[in-house]
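The opening position of the sequence shown corresponds to residue 1 in the UniProt record's numbering, with each subsequent residue numbered one higher.
What follows is a short report on a single structure.
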Amino acid sequence: MEKMLHAAPVHATLPECFIFPADKLPQAKATSGAVSLPIIDLSLCRDEVRRAILDAGKEIGFFQACGEPRRVPGGDAGHGGGVPGVLRAPGGGQGRALLRGRGKTTRIYSSTMFDTGAEKYWRDCLRLACSFPDVGDSPSGWPDKPQRLREVVERFTVQTRGLGMEVLRLLCEGLGLRPDYLEGDISGGDVVLHVNHYPPCPDPTATLGLPPHCDRNLLTLLLPSMVRGLEVAYQGDWIKVDPVPGAFVVNFGCQLEVVTNGVLKSIEHRVMTNLGVARTTVATFIMPTTDCLIGPAAEFLSDDNPPAYRTMTFGEFKRIYSVVKLGSSLNLTTNLKDVQKEL
Ligand code: OGA
Ligand code: NI
């Protein structure tokens, strides 16, 4: 196993391999301070929530969701809104020997998810993945060790995915798509969880926790830490996200940009580290199935609006997009366009 950052009690200095050239680390403008993302209370009336999600989505591509959504007649069984109380960082400090999952879907790794071929990122990550829905009496695909991990992760993902599906339904309604347009294969792939851990960093000005990136999936729900660190690209600058207790940070993945032919944007974000405190977040990724063919929906196309994105399977998209050529530019959506051009 790679050396995990959190295994060392203290890091006195930043190892060279984590140091980025200054031009790859544009700092957020001193004036920008912390900007709260739009906070949307899902318990408000459906029309209001739908409008707020669409407005926030078009303006920033990110929002924070709290409150329990109202149920629609004939909709899914109820699920909690906001952040479920069940999740505590699973298995913290217990080491890999105790983590038992099936196959490659469960991994603990450090620093390398976005391979620059050079510098490393100041992050440890526990990745868990499981097909969904995971029904029947057979044990689910989540690891059965450490004790209680499976139970906690199952409850957490059912609630979190339920909330994500509700957001997707609201988006469909607001965009004039069939309410179930984003159900089925496009959201029916494995549910992937990343438990991101960013230990205190001896030199936060010289490295990053995560590089600027757009999420490749359909929709991401982030259980943020109360410690700041997430920054979102906005109008040529980075804004620091000020976390709200009990709320998820929700953002659109590349596939939502493709389906809507760019009406919704998948926005670049990155993670800064800090000197003093460790930060742990949990990202839940709603993913398409690997074979799912994804392209702009007919509803967004006309003579004046030709397809801006190619149609390809999610598997193909991931294969191409696994090469990150981001530098640390603030290039909003060009990544996605580049990926598409390469075909
Ligand atoms: C991610 C991500 C942000 C954070 O896991 O894709 O953007 O604050 N995480 O950990
Ligand atoms: Ni992300």
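We put the CB at the ideal spot given by N, CA and C, even for glycine.
Source: prediction; values computed, not measured.
{"Item": "Bridge partner(s) assigned by DSSP for G270", "Value": "The sequence given here has Arg at residue 270, not Gly. In the DSSP output, where bridge partners are listed per residue, R270 has E231."}
{"Item": "D190 beta carbon near the ligand OGA (any heavy atom closer than 7 Å)", "Value": "no"}
{"Item": "Cβ-heavy atom distance, G229 to the ligand OGA, below 7 Å", "Value": "yes"}
{"Item": "Heavy atom of the ligand NI within 7 Å of A283 beta-carbon", "Value": "yes"}
{"Item": "T260 to A297 span [Cα, whole Å]", "Value": "6 Å"}
{"Item": "Collapsed DSSP secondary structure at M312 in the structure displayed", "Value": "strand"}
{"Item": "Neighbourhood of P288 by C-beta distance below 8 Å, restricted to the same chain and skipping five residues each side", "Value": "D185, I186, S187, G188, G189, N217, L218, Q255, I294, F314"}
{"Item": "Alpha-carbon spacing of I267 relative to I53, whole angstroms", "Value": "15 Å"}
{"Item": "Residue 370 (DSSP reduced to helix, strand or coil)", "Value": "Residue 370 lies beyond the residue range present for the chain, which begins at 1 and ends at 343; the question has no answer from this structure."}
{"Item": "Outcome for residue 346 when other beta-carbon atoms lying within 10 angstroms are tallied against a minimum of 16", "Value": "Within the shown structure, residues of the chain are numbered from 1 to 343, placing residue 346 beyond reach of any answer."}
{"Item": "Same chain only: Cβ atoms within 8 Å of V263, ignoring 5 sequence neighbours per side", "Value": "K58, L175, F300"}
{"Item": "Check: H269 C-beta below 7 Å from any heavy atom of the ligand NI", "Value": "yes"}
{"Item": "The ligand NI heavy atom lying under 7 Å from the CB of H197", "Value": "no"}
{"Item": "Euclidean distance between Cα positions of L87 and V49", "Value": "Because L87 carries a pLDDT of 43, less than 50, the predicted location of this residue cannot be relied on, and the following value inherits that uncertainty. So the alpha carbons of these two residues sit roughly 26 Å apart."}
{"Item": "Proximity winner among D124, C201, S43, I239, relative to V282 (alpha-carbon distances)", "Value": "D124"}
{"Item": "Spatial neighbours of P204 in its chain, beta-carbon cut-off 7 Å, leaving aside the 5 residues before and after", "Value": "M272, T273, N274, L275"}
{"Item": "C254 - DSSP class collapsed to helix/strand/coil", "Value": "helix"}
{"Item": "Three-way DSSP call (helix, strand, coil) for C17 in this model", "Value": "helix"}
{"Item": "Residues bridged to F62 [DSSP beta-bridge criterion]", "Value": "N251"}
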